[in-house]
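**Q** With the first letter of the sequence shown counted as 1, position 137 gets the number 1083 in our numbering; the numbers rise by one all the way through.
Even for Gly, the Cβ is constructed at its ideal location relative to N, Cα and C.
Everything numeric in this text was worked out from a predicted model, so none of it was measured.
Pasting in a structure now, in structure tokens, and then I'll have a few things to ask.
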Amino acid sequence: MKVKFPMFTSHVNYRNHRKVVVIDGQVGYTGGMNVADRYINGPSWGNWRDTHIRIEGKGVQGLQSVFLIDWFMVSKSLVTAREYFPPLETFGDNLMQIVTSGPYSPAREIMQGFMQAIFGAQSYIYIQTPYFIPPESLSEALIAASTRGVDVRLMVPRKSDTLLVQLASRSYFKKLLRAEIKIYFYEPGFLHSKLMVIDDSLTLVGSANFDVRSFEQNLEVEAFIYNENTAKRGKEIFVEDQKSSTEIVLREWIKRPVWMRFKESFIRLFTPLL
947 MKVKFPMFTS HVNYRNHRKV VVIDGQVGYT GGMNVADRYI NGPSWGNWRD
997 THIRIEGKGV QGLQSVFLID WFMVSKSLVT AREYFPPLET FGDNLMQIVT
1047 SGPYSPAREI MQGFMQAIFG AQSYIYIQTP YFIPPESLSE ALIAASTRGV
1097 DVRLMVPRKS DTLLVQLASR SYFKKLLRAE IKIYFYEPGF LHSKLMVIDD
1147 SLTLVGSANF DVRSFEQNLE VEAFIYNENT AKRGKEIFVE DQKSSTEIVL
1197 REWIKRPVWM RFKESFIRLF TPLL
């Protein structure tokens, strides 16, 4: 398909950020991985750490639908040949939802799904995200969860591939730390994983970052997996990465230079554009 770059368009700030691979209509992949050398080799300062999932069974139909709808929106052609829609077997009794959102939908489905998951947490919430610039409603939901005794942990990269996003992200940390939310800097390289695990029962993996752009401007896709084994595996991944991370301590964080804190707060004003 020919790629078009119109000189004038009202959609210049919108991005299809979804990562979807469907093979023979039977196997699907989604998560944080893009297709480029740097996602394999990593940045110059370390490795590239990401999370992707393989889906088999009827959950693949959800990913297939996401791709075909996007294809139609661009090409205006319907893909209806039976060969693309083989009969699928059911693999176990795992429940899964494929959720999409984008600027065309005022419901902000993925953000609402995040909110409901956080509100329902009783034991723990573990989050990995490369970019943390949440809407106020989500940051307050995390604080409320921590206040009611939920173990809330957030992991972000020590060094981002986008300096402005890194600065804006850090302006949120003090308030979260005061609410006893644990925040970790991933040290070995760039953490690009988009993962949230809740209570050994729910795992969220997909393309959505924990930021305003993903929730309001990008086209995103997220898998909500309601399965204990998957959640425990997601928890293991987080805990393993935690061993290579440094926990931020509130009393040290608030001692940082005033000019640094001012710069972070100033960049935060431009959040809708980041």
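1. Report the partner residues of D1157 according to the DSSP bridge assignment.
2. What's the gap between the Cα of F1018 and the Cα of I969?
3. List, from N- to C-terminal side, the beta strand (DSSP E) runs of 3 residues or more that fit wholly inside the region 1130-1183.
4. Over what stretch of residues does the alpha helix (DSSP H) that includes S1021 continue unbroken?
5. Q1068: which of M1057, L1088 and R1054 sits nearest, CA to CA?
6. Can you tell me whether A982 is buried or exposed, with buried defined as 16 or more other CB within 10 angstroms of its CB?
7. Give me, in chain order, the residues of the same chain whose beta-carbon lies closer than 7 Å to that of I1044; leave out the 5 immediate sequence neighbours on both sides.
8. Among R1104, R1207 and I1071, whose alpha-carbon lies nearest the alpha-carbon of A1090?
9. Taking a contact to mean a Cβ-Cβ separation below 8 Å, would you say L1137 touches R984 in this structure?
10. S1153 and A1177: beta carbons closer than 8 Å?
11. Specify whether the region 1096-1116 and the region 1072-1080 touch according to this definition: at least 3 beta carbon pairs, one from each stretch, less than 8 Å apart.
12. Find out if the Cβ-Cβ distance for the pair F1208, V1143 is shorter than 8 Å.
13. Under the three-state reduction of DSSP, which class applies to G1059: helix, strand or coil?
**A** Reading off the structure:
1. I1079
2. 18 Å
3. 1135-1137, 1141-1144, 1148-1152 and 1164-1172
4. G1005 to S1021
5. L1088
6. exposed
7. G1005, G1008, L1009, V1012, V1167 and A1169
8. I1071
9. no
10. no
11. yes
12. no
13. helix
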